[in-house]
Structures are given as structure tokens and as C-alpha cells.
Amino acid sequence: MKENSNNEKSKKSTVIIIAAVIVIIVAVAAALYLSGVFSPKTEPANGVVGQITDNWDPGIEEPSSPKSGTQIPGYSKAEMNAGDTSLKLSVGNPKDNNVGFFASLALDDGTILYESELLKPGQGLTEVPLTKTLEKGTYNAKVIYRCVALDENNTPLNSAESGFTLIVN
Amino acid sequence: MKAKRIITIALAVLMTAMFVVSVSAAQLTDVDPNGKTEVTAHINGNEPGEVSYIITIPDVVDFGELNIPPDDASDYDKDVTYLVEATEIDGLDPATQQISVYVKDQDANVNDDQKFYIANKENASIKFNYDVYRATGDNVNLSTMVNADNMFTKGYFLTGFKNEGDTLEGTLRFHQKQLYGENIADIAGDYSGYMVFFSAIEDI
Numbered sequence: 001m002k003e004n005s006n007n008e009k010s011k012k013s014t015v016i017i018i019a020a021v022i023v024i025i026v027a028v029a030a031a032l033y034l035s036g037v038f039s040p041k042t043e044p045a046n047g048v049v050g051q052i053t054d055n056w057d058p059g060i061e062e063p064s065s066p067k068s069g070t071q072i073p074g075y076s077k078a079e080m081n082a083g084d085t086s087l088k089l090s091v092g093n094p095k096d097n098n099v100g101f102f103a104s105l106a107l108d109d110g111t112i113l114y115e116s117e118l119l120k121p122g123q124g125l126t127e128v129p130l131t132k133t134l135e136k137g138t139y140n141a142k143v144i145y146r147c148v149a150l151d152e153n154n155t156p157l158n159s160a161e162s163g164f165t166l167i168v169n
Numbered sequence: 170m171k172a173k174r175i176i177t178i179a180l181a182v183l184m185t186a187m188f189v190v191s192v193s194a195a196q197l198t199d200v201d202p203n204g205k206t207e208v209t210a211h212i213n214g215n216e217p218g219e220v221s222y223i224i225t226i227p228d229v230v231d232f233g234e235l236n237i238p239p240d241d242a243s244d245y246d247k248d249v250t251y252l253v254e255a256t257e258i259d260g261l262d263p264a265t266q267q268i269s270v271y272v273k274d275q276d277a278n279v280n281d282d283q284k285f286y287i288a289n290k291e292n293a294s295i296k297f298n299y300d301v302y303r304a305t306g307d308n309v310n311l312s313t314m315v316n317a318d319n320m321f322t323k324g325y326f327l328t329g330f331k332n333e334g335d336t337l338e339g340t341l342r343f344h345q346k347q348l349y350g351e352n353i354a355d356i357a358g359d360y361s362g363y364m365v366f367f368s369a370i371e372d373i
């Protein structure tokens with residue numbers, strides 16, 4: 001009897017010890033994750049990196065009455081982690097435009113990180129695949145919007161560059 | 170006793186971990202969303218990578234039909250107006266920031282030729298320059314000539330927009346005097362010129 005009682009006590013202790021160990025592990029892991037020790041990998045913004053969609057939304061209220069001329073998106077900043085192969089950046093052609101865009105992402109030193117195919121009005125992407133990874137630091141970057149007519153020759157038009165700060169963590 | 174000791178330790182670890190998490194969360198959301206202390210020229214509140222503003226630029230440089238003047242006594246200027254607009258702005262602080270707009274010829278180089286040109290579409294070596302002004306009408310003069318200023322790598326400073334709806338109406342001026350004495354057979358044809366507008370949020 002005494003032996004059975006001791007066995008039960010022993011089993012109970014074991015369960016308690018295992019549960020406590022699990023709690024410790026989970027708590028430590030959670031603390032480390034949220035303190036940034038494990039830098040989370042960037043998740044694709046809308047499912048597929050580099051996918052150009054026909055319903056690109058600049059995320060900013062567009063003019064109620066379309067203006068003459070070409071609308072060019074501009075940016076404040078963008079962020080990524082060192083070693084990332086994509087950047088969350090909303091690059092696109094506002095739907096009220098009458099021209100096409102060839103968009104590219106470049107650094108001030110001339111490094112080209114991305115080049116798009118022709119973006120017709122309303123087309124764009126929210127996550128840009130990069131041709132190379134970047135080291136930690138702050139970079140001057142720009143989206144180059146090369147504007148063309150929507151004719152068979154893609155006749156060149158005036159173009160634009162939108163500069164912004166690229167922060168690599 | 171042993172189990173009690175282990176439970177006590179586990180609770181202590183759990184409480185410590187929760188303290189670390191809550192401090193980290195406060196640092197990330199209340200103090201600096203990115204956990205950084207450097208202040209750069211950007212708009213607070215905008216998510217990184219989102220569109221912060223939209224500017225509208227003119228599509229083309231089009232002086233229409235040009236004519237060889239009868240003499241070189243006058244410039245025989247031909248003017249066309251253009252418009253640049255801050256069509257949409259989200260979150261800019263106009264007291265401390267602006268959307269700076271610069272402009273240059275697509276082939277301009279800060280260390281070389283900085284002029285604005287229109288070139289013959291059949292023979293690009295045949296080209297003539299024009300001037301850009303940030304004014305119209307009677308205000309078109311040397312003081313409002315954009316390309317009379319210093320040029321930066323990103324171009325000549327054109328204007329700074331602080332509020333949505335801000336516009337700049339300017340003038341492109343072609344001096345037809347440049348055509349005086351030219352052989353029409355040599356220079357006849359369509360001409361085109363391309364401007365590049367650079368914009369960025371800058372502290373003022």
C-alpha cells in the first residue's frame with residue numbers, strides 16, 4: 001500500500017515537473033522572439049512577391065476628378081531586413097493615368113534592385129523582388145517611373161523619380 | 170518539495186518573461202514604431218513602403234510647330250505653359266516638411282551639359298535648347314528661370330509642395346532665334362524633349 005502511494009506521488013511529481021519545464025521553455029522562447037532575437041522573415045504582403053495585379057491600390061485617396069498630366073506615386077520610407085530578397089513597396093500606375101510605366105527600384109549609387117514589365121493604368125505590385133540582398137544600413141533609394149505612351153511603340157514621355165529612405169535592419 | 174520548488178521557479182521565469190515582453194511592446198509602439206531613435210525625412214504614421222503622396226507632372230514637352238525667324242533681331246520666343254501639382258498628400262507636416270520637386274533634361278549631367286533640349290527624332294544630333302521658368306506671363310524673367318540656378322544630381326530645384334492641391338504653373342520658352350540661318354531641309358522634322366521630375370519628402 002505504502003509502495004503504491006509512493007508510486008502515485010512519484011508520477012504526480014513527474015507530471016508537474018514536465019509541465020513546469022514546458023512552461024519555462026515557452027516563456028523563454030516567447031520573450032526571446034518578442035525582444036527581436038529571432039528577426040522574423042518578411043511575410044509576403046499579398047501572397048506572392050513580385051505579382052503584378054490589375055487592381056493596384058495606391059492606398060491613398062485618388063482625385064475625384066482626374067487631372068491632366070501623369071500621376072506619379074511618391075514615398076516616405078521603406079524597410080526590410082538584411083538578407084531579405086524582397087521589399088514591401090507599393091509600386092504602380094494610378095488608374096486615372098493614360099500612360100504606361102516601366103518602374104524600377106534603384107539606389108543612389110546606381111544599383112538596380114528591380115525592373116518591372118509594362119504597368120498599364122491600374123496595375124502595380126505591393127512587394128518587390130530584389131536582384132540582390134542588402135546589408136544593414138540606411139540607403140537613399142528611388143523608384144524610377146519611365147513613362148511611355150500606350151501605343152505600339154511605347155513612345156517615351158516625360159518621366160519621374162520618387163526618392164525615399166530605405167532602412168535595412 | 171522538489172515539485173513545489175520547480176513550480177516556484179517556473180512561475181518566476183514566466184513572470185520575468187512577461188515583464189520583458191511588456192517592456193519590449195511599450196518600446197515598439199509607444200516610443201518608436203521601429204525601435205530606432207534616428208529621425209529622417211519621412212512622414213510619421215505612414216506604413217513603410219506605402220504611397221505617401223502623388224504628384225502630377227506634364228506628359229510631354231511640345232512646342233508645336235516651330236518657324237525659322239526672318240531675322241535675329243529678336244528672340245522670337247515661343248512659350249508653352251506646364252503644370253505640376255501635389256495631387257494627394259498623406260500625413261505631411263507642412264510646418265517642417267515639404268515635397269521637393271526637381272527637374273532636369275533626361276540627358277542632363279551635373280558634371281557636363283545641364284541644358285534642356287528638344288532633338289530631331291530622325292537625327293538626335295540636331296538639337297536646340299529651351300528654358301524652364303517657374304512662372305507665367307509677366308513674371309517670366311531671369312529671376313524665375315529654373316535653369317539659371319545651380320543644378321544638383323537630381324536636377325534643378327523647381328518647387329516645394331506643403332499642402333494637397335498645391336500647384337506650380339510654369340513656362341517652357343523656346344528661342345526660335347536659334348533657327349535663324351539654318352537650312353530648313355537640314356532641320357525639318359519632328360522634335361521631342363523629355364524632362365525628368367524628381368520628388369522626395371525633405372525637411373525644411
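In order, the protein sequences belong to chains C and E.
Just so it is clear: in the first sequence, position 16 is 16 by the numbering used here, and no numbers are missing.
For the numbering used here, count along the second sequence from 1 and bump the result up by 169.
Don't be surprised by glycine CBs; every beta carbon is placed ideally from N, CA and C.
Given the structure is predicted, the values throughout are model-derived calculations rather than measurements.
I want to verify the contact list: residues of chain C whose CB lies under 7 angstroms from the CB of residue i, in sequence order.
{"i": "residue 309 of chain E", "result": "Going along chain C, no residue has its Cβ under 7 angstroms from residue 309 of chain E, so there is no contact; the nearest lies around 20 angstroms."}
{"i": "residue 227 of chain E", "result": "69, 158"}
{"i": "residue 295 of chain E", "result": "Near residue 295 of chain E there are no residues of chain C at all, since even the closest Cβ is about 18 angstroms away, more than 7 angstroms."}
{"i": "residue 373 of chain E", "result": "Correct list: empty, because the minimum Cβ distance to chain C is about 15 angstroms."}
{"i": "residue 224 of chain E", "result": "72, 74"}
Taking Cβ-Cβ distances shorter than 9 angstroms, what residues in chain E pair up with residue i?
{"i": "residue 8 of chain C", "result": "Simply none; closest approach about 13 angstroms."}
Could one say the Cβ of residue i lies closer than 9 angstroms to chain E's Cβ atoms, at least one of them?
{"i": "residue 40 of chain C", "result": "With a pLDDT of only 42 at residue 40 of chain C, under 50, the local geometry of the prediction cannot be trusted, and the value read off the model is given with reservation. Not closer than 9 angstroms to any Cβ of chain E, the Cβ of residue 40 of chain C fails to qualify, so no."}
{"i": "residue 163 of chain C", "result": "yes"}
{"i": "residue 51 of chain C", "result": "no"}
{"i": "residue 75 of chain C", "result": "yes"}
{"i": "residue 111 of chain C", "result": "no"}
{"i": "residue 122 of chain C", "result": "no"}
{"i": "residue 168 of chain C", "result": "no"}
{"i": "residue 94 of chain C", "result": "yes"}
{"i": "residue 136 of chain C", "result": "no"}
{"i": "residue 142 of chain C", "result": "yes"}
{"i": "residue 126 of chain C", "result": "yes"}
When you compare the CB of residue i with every CB in chain C, is at least one pair closer than 9 angstroms?
{"i": "residue 323 of chain E", "result": "yes"}
{"i": "residue 257 of chain E", "result": "yes"}
{"i": "residue 338 of chain E", "result": "no"}
{"i": "residue 195 of chain E", "result": "Residue placement at residue 195 of chain E cannot be trusted, given a pLDDT of 21 that sits under 50; the coordinates are not used to answer."}
{"i": "residue 320 of chain E", "result": "no"}
{"i": "residue 314 of chain E", "result": "no"}
{"i": "residue 369 of chain E", "result": "yes"}
{"i": "residue 363 of chain E", "result": "yes"}
{"i": "residue 329 of chain E", "result": "no"}
{"i": "residue 232 of chain E", "result": "no"}
{"i": "residue 268 of chain E", "result": "yes"}
{"i": "residue 332 of chain E", "result": "no"}
{"i": "residue 306 of chain E", "result": "no"}
{"i": "residue 260 of chain E", "result": "yes"}
Counting only Cβ pairs nearer than 9 angstroms, list the residues of chain C close to residue i.
{"i": "residue 356 of chain E", "result": "In chain order: nothing, as chain C lies at least about 21 angstroms away."}
{"i": "residue 275 of chain E", "result": "156, 158, 159"}
{"i": "residue 326 of chain E", "result": "The contacting residues do not exist; residue 326 of chain E stays about 13 angstroms from chain C at best."}
{"i": "residue 343 of chain E", "result": "Those do not exist, as residue 343 of chain E stays about 16 angstroms from chain C at its closest Cβ, beyond 9 angstroms."}
Out of the options, state which residue places its alpha-carbon closest to the alpha-carbon of residue i.
{"i": "residue 90 of chain C", "options": "C:100, C:75, C:28, C:96", "result": "C:75"}
{"i": "residue 331 of chain E", "options": "E:308, E:217, E:218, E:224", "result": "E:224"}
{"i": "residue 58 of chain C", "options": "C:121, C:159, C:144", "result": "C:121"}
{"i": "residue 308 of chain E", "options": "E:339, E:319, E:215, E:230", "result": "E:339"}
{"i": "residue 329 of chain E", "options": "E:367, E:299, E:249", "result": "E:367"}
{"i": "residue 287 of chain E", "options": "E:217, E:238, E:358", "result": "E:358"}
{"i": "residue 353 of chain E", "options": "E:325, E:289, E:219, E:278", "result": "E:289"}
{"i": "residue 70 of chain C", "options": "E:241, E:239, E:237, E:230", "result": "E:230"}
{"i": "residue 319 of chain E", "options": "E:271, E:291, E:349, E:306", "result": "E:271"}
{"i": "residue 291 of chain E", "options": "E:355, E:219, E:373", "result": "E:355"}
{"i": "residue 114 of chain C", "options": "C:7, C:128, C:108, C:52", "result": "C:128"}
{"i": "residue 341 of chain E", "options": "E:295, E:247, E:369, E:221", "result": "E:247"}
{"i": "residue 79 of chain C", "options": "C:94, C:140, C:87", "result": "C:87"}
{"i": "residue 160 of chain C", "options": "E:314, E:245, E:228, E:348", "result": "E:228"}
{"i": "residue 220 of chain E", "options": "E:236, E:250, E:258", "result": "E:258"}
Would you mind sorting residue i into buried or exposed? The rule is 16 or more other CB atoms within 10 Å of its CB.
{"i": "residue 293 of chain E", "result": "exposed"}
{"i": "residue 234 of chain E", "result": "exposed"}
{"i": "residue 297 of chain E", "result": "buried"}
{"i": "residue 280 of chain E", "result": "exposed"}
{"i": "residue 374 of chain E", "result": "Because residue 374 of chain E is not part of the residues shown, which for chain E are 170 to 373, the question remains open."}
{"i": "residue 119 of chain C", "result": "buried"}
{"i": "residue 198 of chain E", "result": "With a pLDDT of 20 at residue 198 of chain E, under the threshold of 50, the predicted position of this residue should be treated as unreliable, though the coordinate-derived value follows. Residue 198 of chain E is exposed by the Cβ-count criterion."}
{"i": "residue 351 of chain E", "result": "exposed"}
{"i": "residue 253 of chain E", "result": "buried"}
Which chain E residues sit within Cβ distance under 8 angstroms of residue i?
{"i": "residue 139 of chain C", "result": "Result: empty, since nearest Cβ-Cβ is about 11 angstroms, beyond 8 angstroms."}
{"i": "residue 88 of chain C", "result": "217, 218"}
{"i": "residue 59 of chain C", "result": "219, 220"}
{"i": "residue 99 of chain C", "result": "228"}
What residues from chain C crowd round residue i, counting only those whose CB sits closer than 8 angstroms?
{"i": "residue 252 of chain E", "result": "68, 69"}
{"i": "residue 366 of chain E", "result": "72, 158, 159, 160, 161"}
*Please confirm if the region 122-141 of chain C is in contact with the region 355-365 of chain E, defined as three or more CB-CB distances below 8 angstroms between the two stretches.*
no
_Under 8 angstroms: do the region 96-104 of chain C and the region 141-161 of chain C share three or more Cβ pairs, one atom per stretch?_
yes
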